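I have placed the structure first, in the form of structure tokens, so that the comments after it can refer back to it.
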Amino acid sequence: MSKYKRAAVGGTFDILHIGHKHLLGNSFQISEEVVIGVTSDNFVNKLNKTVFNNYDARTNNIRDFIDSTFPNSKYDVYKLDDYFGPASFLENIDVIVLTSENSHRLDSLNNTRQSNGLKPLHGEIIELINAKDGLPISTTRIKKGIIDSNGNSLI
């Protein structure tokens, strides 16, 4: 039996790497259903990020991964135009899954939920996965050719 009924998790998920898979995997392990927020192309631009894949490609990659790794799992994908998306307005979410890198946003999210008349969410903090070089796996490091999507060194 899962610890929670419905979890929320979010990210840009530009190049789906082992760290993303760990984050999503933990979300499915602790919850019966997962709400996945994927950063919209507009929000990517507002954050001054550059992505290889557009929103549709990133969303399709996530769906393919989930459908092959967690068959029969219940999930929804939402477009994120801000940091919190559905986690700020959906009543039936119990927990938000965050990385240690973005856990500082939990208080802000819960303030937004409370101003919307919703109960605060518990935060499950997932540590970042390190590459073979001991530094965190990130899309930025993959794009720079330092590591591959499994954390292997390329230089």
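Here my numbering is used: the sequence shown runs in plain steps of one and ends on residue 1218. For glycine and all other residues, C-beta sits at the position ideal for the given N, C-alpha and C. The structure presented is a predicted model; accordingly, all values stated were derived computationally and were not measured.
Residues near Asp1077 by beta carbon distance below 7 Å, same chain, minus five either side: Val1114, Phe1115, Asn1116, Arg1121 and Thr1202
Backbone CA spacing between Ser1090 and Ile1218 [nearest angstrom]: 32 Å
Three CB pairs or more closer than 8 Å across the segment 1118 to 1133 and the segment 1168 to 1182: no
Start-end ranges of the alpha helix (DSSP H) lying completely within the segment 1096 to 1173, minimum 4 residues: 1104 to 1109 and 1118 to 1132
Counterpart residues of Asn1193 in DSSP-defined beta bridges: Pro1199
Residues that DSSP places opposite Ser1094 in a beta bridge: Tyr1067
Coarse secondary structure for Ser1178, derived from DSSP in three states: helix
Buried versus exposed, by CB contacts within 10 Å (16 or more), Ser1178: exposed
Spatial distance of Ala1150 from Asn1105 (CA atoms): 19 Å
Of the residues Gly1073, Asp1145 and Ser1131, the one placed nearest Glu1164, counting alpha carbons only: Gly1073
7 Å CB neighbourhood of His1080 in its chain, flanking five on each side removed: Ile1200, Thr1202, Ile1205 and Ser1212
Exposure of Glu1187, with buried meaning 16 or more beta-carbon neighbours within 10 Å: buried
Reference Tyr1141, options Ser1216, Asn1193, Thr1075 and Met1064, closest by Cα: Thr1075
Three-state secondary structure assigned by DSSP to Ile1218: coil
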